[in-house]
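Novice: Chains A and B supply the protein sequences, listed in that same order.
The numbering of the first sequence is the numbering used here, which starts it at 3 and goes up by one.
The numbering of the second sequence is the numbering used here, which starts it at 3 and goes up by one.
Even for Gly, the Cβ is constructed at its ideal location relative to N, Cα and C.
Number of protein chains: 2
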Amino acid sequence: MKNERRVCGRMTEPKIKNMEEFAAVSGISRPTLSKYFNDPSSVRRSTRTRIESALEKFDYQPNFYAMNQNRRLTKNIGIVIPYMADPFFAEIARNVENLVLDAGYRPILLGSHGDPEQEIENLENLRVIKPAGVLLAPLGRVSDPDRLSAFCADVPTVLFDANIENVGEAFVGSDNMQSIGLMVDYLCETGEPPAFFEMKSPSNPNALKRRSAYVYAMERLGHAPLLLQAPGEGWDFEDIGFQEGSRVISERNLPSDTILCSNDRLAIGFLSAAYQLGLRVGSGAESALRVAGHDDHPFSRYTCPTLTTIAQDYEAIARKSAQTLFGMIESNARPVSRIETVFDGNLVRRGSA
Amino acid sequence: MKNERRVCGRMTEPKIKNMEEFAAVSGISRPTLSKYFNDPSSVRRSTRTRIESALEKFDYQPNFYAMNQNRRLTKNIGIVIPYMADPFFAEIARNVENLVLDAGYRPILLGSHGDPEQEIENLENLRVIKPAGVLLAPLGRVSDPDRLSAFCADVPTVLFDANIENVGEAFVGSDNMQSIGLMVDYLCETGEPPAFFEMKSPSNPNALKRRSAYVYAMERLGHAPLLLQAPGEGWDFEDIGFQEGSRVISERNLPSDTILCSNDRLAIGFLSAAYQLGLRVGSGAESALRVAGHDDHPFSRYTCPTLTTIAQDYEAIARKSAQTLFGMIESNARPVSRIETVFDGNLVRRGSA
DNA sequence: ATCAAAATTTAACGCGCGTAAACTTAATTA
DNA sequence: TAATTAAGTTTACGCGCGTTAAATTTTGAT
């Protein structure tokens, strides 16, 4: 059976092949139609109505490829996130995607699977489709800053979530100093000062910021910082948290009865370890350990116990990143200096601390 | 500051504008180059070498839009999954994506966010870019079968994960009858026969298959099936599992001390409820309840206790779906009849049952 | 060396739309 | 109502590549 694609559409109103034909049947000239498809608001209201009613009658849509071939700038916007299988990034990507769509652009979502080469490849793939701009949540420390910079020199790019010095025209993220400070304050007010549980060599720049923020907050309150650093590389944070958690708990090597994890995924692994070793976690008197996280990961409300954490303002970050990019695109100008915007996090009190 | 994109590339070897110019500098005629870029193996080995060494010297890549404009079929393959923020789908999508890439196609990943309209919109967006084929994991019961069919009539499509009767040229998924049978056997051998915990009106067709499989397996073993059906719609499975779990546990309404959940995400919510209500879950004698899931969700190894479940063969499903689609594309033929392939699941024994 | 098959080159056309210039029509303002 | 401006039409060209047909070269087997 040959692959004869059935032509869909009624015989009475045959499918319109190209803009020329649509111009004929709609009674609008092709250049005007071209303007309309490029930006519907650029034509007079009355002609817009005429076009749109013709559109309803004749179902035609311009050829995507021919359309973009000769345009200086397409309406495509690339969205690159470090890890698609991490619900945190999936969620923030969804927010960004919707904003891009609402602004009349076409989002193209790519995940880097934790691999810096994949990240570069994603950007190179984007280059091919000549995007109007890119929203990039970089891998971080492992990213190739030179190649990232080279890309950003060619395509207007806004970084979000993780910052890399001097890469991109702007950065939007969370204020780790504020959020970690908030959490340390809370933990100190309600119990023993926390130790900080993190990866020894974290790939995410936020992790480093959170470490300093923790140290700063502890010293501000007159406590000695206690760092608990797990070995391990990569993006399998739960496993790293689990392994190191198991070790320190079974060796009775906990520097404090309160553990502040650098992120929720580490905390999820840590909590799992505590459970398996029979260590009761929670804020109550009957518990031996308190655990807190950071990010308000979608799963943090189902851990045992539920995880006290910091909720990042997904929505604000997504909105600000997108708006910054749209501004650059529409004004066809780059900011004079690199703009960094950070939003406050909110404390989410749950069972674990 | 005007948006003057810096031209990257050395002055000594100026950037090649188009295939014509590349033909000039490489000493290969344009039609041959065109053939090469369409399929590198379609030119003689010696000329291929010449082209590729020229490519290293001159960095040129054909204009994506001009390239696809006049091709009957692009090298794009759409991948549509129901929910990007579900790590299960993110993982399977990653597998599929890599296979598509390795086969020399260009994957375009779209998530439907659990919304049937978004699903249709994704397909319509794909239509615009004239994909060679589509790999579709449909939402299921809520999907619009007519519009899905209409799309599949125009574009070669392979369904995976969730089956919809007569939609697409083929289906690849898991054998729920086998996997649920396996789990029921295991649970009955090691303890009390399980009750089946599911959503009252699940949107996923696998859920219905699993229900029947459970009933069949129980009757085969001479037990009366026990269905525990949670109200609720949508994709917030953990919450649904948690709510109903909380209810039946606190009302002491458990029909059995063994609960087989229709999927891991329900189980995750259920386990969280059990923990919060102080009900000890596990296979040991000291536990009051056993819980099992299905899918081997990435988080199922960090639940408390760790979740006994069925691992679907991600990799086999991805490979078979992709190969089936590639076969159709390359032979330019559709299968005479719709092919359905299912793979066995494997029991993953962990702490919860 | 001979010759047919296979691969490449040359030349030329078309795809569907962006875009620019010159002109005409419609809407706005005085 | 005339003058002005904004919007639309006509005409025409170009983009970069797919594709075809005929002419030519290369290849590999005889």
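8 Å is my cut-off, CB to CB: does B:Gly-296 come that close to chain A?
Specialist: Looking at the sequence itself, residue 296 of chain B is His, so the reference to Gly does not match. Chain A contact via Cβ: absent.
Novice: Would you say A:Leu-111 faces chain B, with C-beta separation under 8 Å as the test?
Specialist: Chain B, which has a Cβ nearer than 8 Å to the Cβ of A:Leu-111, makes this yes.
Novice: Listing by chain order, which chain A residues have their CB less than 8 Å from the CB of B:Met-220?
Specialist: None at all; the shortest Cβ gap to chain A is about 28 Å.
Novice: Name, going along the chain, the residues of the segment 115–131 of chain B whose beta-carbon falls closer than 7 Å to a beta-carbon of chain A.
Specialist: The residues in question are His-115, Val-130 and Ile-131.
Novice: For B:Met-330, which of B:Lys-17, B:Met-21, B:Ile-122 and B:Val-160 has the nearest alpha-carbon?
Specialist: Comparing Cα positions, the closest option is B:Val-160.
Novice: Which value, in whole angstroms, describes the spacing of the CA atoms of A:Lys-19 and B:Gly-247?
Specialist: Going from the Cα of A:Lys-19 to the Cα of B:Gly-247 covers about 56 Å.
Novice: Taking the runs of the beta strand (DSSP E) that are 3 residues or longer, which of them lie wholly in the segment 312–354 of chain B?
Specialist: Taking only runs of at least 3 residues, the beta strand (DSSP E) segments lying wholly in the segment 312–354 of chain B are 341–345 and 348–350.
Novice: Against chain B, does A:Phe-162 count as a neighbour if the rule is that its beta carbon must be under 8 Å from one of theirs?
Specialist: Not one chain B Cβ lies under 8 Å of A:Phe-162.
Novice: Can you give me the C-alpha to C-alpha distance between B:Thr-310 and B:Asp-187, rounded to a whole angstrom?
Specialist: B:Thr-310 and B:Asp-187: Cα-Cα distance of roughly 14 Å.
Novice: If you check the beta carbons only, do A:Ile-166 and A:Pro-140 fall under 8 Å apart?
Specialist: Cβ distance < 8 Å, so A:Ile-166 and A:Pro-140 count as in contact.
Novice: Return the chain-ordered list of same chain residues with a C-beta closer than 8 Å to the C-beta of B:Arg-317, the five sequence neighbours on each side being excluded.
Specialist: Going by the sequence as given, residue 317 of chain B is Glu instead of Arg. Asn-97, listed in sequence order.
Novice: Distance cutoff 8 Å, beta carbons only. Does A:Asn-70 sit that close to anything in chain B?
Specialist: Interface residue, yes.
Novice: On the DSSP letters alone, give me the boundaries of the alpha helix (DSSP H) that A:Ser-176 sits inside.
Specialist: Where A:Ser-176 is concerned, there is no enclosing alpha helix (DSSP H), although the beta strand (DSSP E) it sits in stretches over 172–176.
Novice: Could you name the residues of chain A that B:Gly-175 contacts, counting a contact when the two beta carbons are closer than 7 Å?
Specialist: The contacting residues do not exist; B:Gly-175 stays about 20 Å from chain A at best.
Novice: Taking the straight line between their C-alpha atoms, what separation do you get for B:Phe-199 and B:Ala-287?
Specialist: So the two alpha carbons sit approximately 22 Å from each other.
Novice: What residues in the segment 135–155 of chain B bring their beta carbon closer than 9 Å to a beta carbon of chain A?
Specialist: Residues passing the 9 Å Cβ filter: Ala-152 and Ala-155.
Novice: If we call anything under 8 Å between Cβ atoms a contact, is A:Ala-269 one with A:Gly-234?
Specialist: Cβ atoms of A:Ala-269 and A:Gly-234: not closer than 8 Å.
Novice: Spell out the partners DSSP gives A:Ala-294 in its beta bridges.
Specialist: A:Ala-294 pairs with A:Leu-262 and A:Thr-310.
Novice: Taking CB distances under 8 Å as the criterion, tell me whether B:Pro-300 reaches chain A.
Specialist: At least one chain A Cβ lies under 8 Å of B:Pro-300.
Novice: Just tell me which of A:Ser-264, A:Pro-133 and A:Gly-224 has its CA closest to the CA of A:Glu-194.
Specialist: Checking every option, the nearest Cα to that of A:Glu-194 belongs to A:Gly-224.
Novice: Are the C-beta of A:Thr-343 and some C-beta of chain B separated by less than 8 Å?
Specialist: It does not: the Cβ of A:Thr-343 has no partner Cβ on chain B nearer than 8 Å.
Novice: For A:Ala-139, does the three-state DSSP call read helix, strand or coil?
Specialist: A:Ala-139: coil per DSSP, three-state reduction.
Novice: Name the DSSP beta bridge partners of A:Asn-78, please?
Specialist: Paired residue(s): A:Arg-108.
Novice: Distance check for A:Glu-121 and B:Arg-50, CA to CA, integer angstroms please.
Specialist: About 28 Å.
Novice: Could you check where the beta strand (DSSP E) with A:Phe-198 kicks off and where it finishes?
Specialist: Looking at the DSSP string, the run of the beta strand (DSSP E) that includes A:Phe-198 is 197–201.
Novice: Residues of the segment 91–104 of chain B in Cβ contact with chain A at a cutoff of 8 Å, in chain order, please.
Specialist: Answer in chain order: Ala-92, Glu-93, Ala-95 and Arg-96.
Novice: When the cut-off is 8 Å and only beta carbons count, does A:Tyr-38 lie next to chain B?
Specialist: So no, A:Tyr-38 is outside the interface.
Novice: Counting only Cβ-Cβ distances shorter than 8 Å, please list the residues of the segment 265–296 of chain B near chain A, keeping chain order.
Specialist: Answer in chain order: Ile-270, Gly-271, Leu-273, Ser-274, Tyr-277 and Gln-278.
Novice: Count the CB pairs spanning the segment 86–93 of chain A and the segment 328–345 of chain A that are closer than 8 Å, and state whether there are at least three.
Specialist: With the cut-off at 8 Å, the segment 86–93 of chain A and the segment 328–345 of chain A do not touch.
Novice: Do A:Phe-153 and A:Leu-125 have their C-beta atoms closer together than 8 Å?
Specialist: Yes.
Novice: So A:Ala-355 packs on A:Ala-294, CB below 8 Å; how close in whole Å?
Specialist: Contact flag correct, Cβ pair sits at about 4 Å.
Novice: Report whether the distance from the Cβ of A:Arg-254 to the nearest heavy atom of the ligand MG is below 7 Å.
Specialist: As presented, the structure is devoid of all ligands, the ligand MG included, so that no description of it is given.
Novice: For a minimum of 3 consecutive residues, which ranges assigned as the beta strand (DSSP E) are wholly contained in the segment 46–102 of chain B?
Specialist: Listed in chain order, the complete beta strand (DSSP E) runs (minimum 3 residues) inside the segment 46–102 of chain B are 78–83.
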